[in-house]
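Participant: Per the numbering used here: the sequence shown ends with 253, consecutive numbering throughout. To start, I am sharing the structure in question, which I have written as C-alpha cells.
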Amino acid sequence: MGSIGVYLLRTILSLQMNCMRERDGEREEMEEMEEPASKAFTCHDCIEGLKFIDRYLLDEFVVDEFIVYLEENFCLPDMEACVQAVRNHFPAMHRMAMKQFFKPREICIQQDVCDP
Numbered sequence: 138m139g140s141i142g143v144y145l146l147r148t149i150l151s152l153q154m155n156c157m158r159e160r161d162g163e164r165e166e167m168e169e170m171e172e173p174a175s176k177a178f179t180c181h182d183c184i185e186g187l188k189f190i191d192r193y194l195l196d197e198f199v200v201d202e203f204i205v206y207l208e209e210n211f212c213l214p215d216m217e218a219c220v221q222a223v224r225n226h227f228p229a230m231h232r233m234a235m236k237q238f239f240k241p242r243e244i245c246i247q248q249d250v251c252d253p
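See the structure below:
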C-alpha cells in the first residue's frame, strides 16, 4: 500500500471529501462529506475512488482537453496530418484503452488494498 498509485488515489479521495462550496459568500466545508481522519483506507474506498477517476477521464470535456494538449505538445509544425489525426483517432483510442486497462478492482488488488 506504499506505492505512488495508492498515494495519488488517497490524495484525490481526500480532495473529494474536503470538497468546499460557496454559501452566503463564504466557503464552508460540506458536512456530509466530512470523514474522520483515522478511518482506514478500505477496498471499497479504493474501488469507488477509481470509478470516480474513470468517469472523470472519460468525460467528453476532459477528453477534449487531452486533445488540445496533444495538439499543442505532441504535434510538431512539420507533422501536417497530426492535428487532424489526433482529433479523429484519440477519443476512440482513449476510450478503448480505458475500457481495456483501467479496471478499478484489479488495480486495487494489485496495490494490495483489496483481497483477490
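Glycine residues also receive a C-beta, built at the ideal position from the N, C-alpha and C atoms.
Can you tell me the Cα-Cα spacing of glutamate 208 and arginine 232, whole angstroms?
Facilitator: Translated into positions along the sequence shown, residue 208 becomes position 71. Translated into positions along the sequence shown, residue 232 becomes position 95. If you take the alpha carbons of glutamate 208 and arginine 232, they lie about 18 Å apart.
Participant: In this structure, does DSSP put cysteine 251 in helix, strand or coil?
Facilitator: Residue mapping note: residue 251 aligns to position 114 of the sequence shown, counting from 1. Residue state, collapsed to three classes: coil.
Participant: Have a look at arginine 224 and alanine 177 and give me their C-alpha separation to the nearest angstrom.
Facilitator: Translated into positions along the sequence shown, residue 224 becomes position 87. Translated into positions along the sequence shown, residue 177 becomes position 40. Cα to Cα, the separation comes out at about 42 Å.
Participant: What separation, rounded to the nearest whole angstrom, lies between the Cα atoms of cysteine 245 and arginine 192?
Facilitator: The residue given as residue 245 occupies position 108 in the sequence shown. The residue given as residue 192 occupies position 55 in the sequence shown. So the alpha carbons of these two residues sit roughly 17 Å apart.
Participant: Exposed or buried, glutamate 159, counting other C-beta atoms within 10 Å across all chains shown (16 or more means buried)?
Facilitator: Here residue 159 refers to the residue found at position 22 of the sequence shown. Any reading at glutamate 159 needs caution, since the residue's pLDDT is 39, under 50, leaving its predicted position unreliable; the model's value is listed next. Classification for glutamate 159: exposed.
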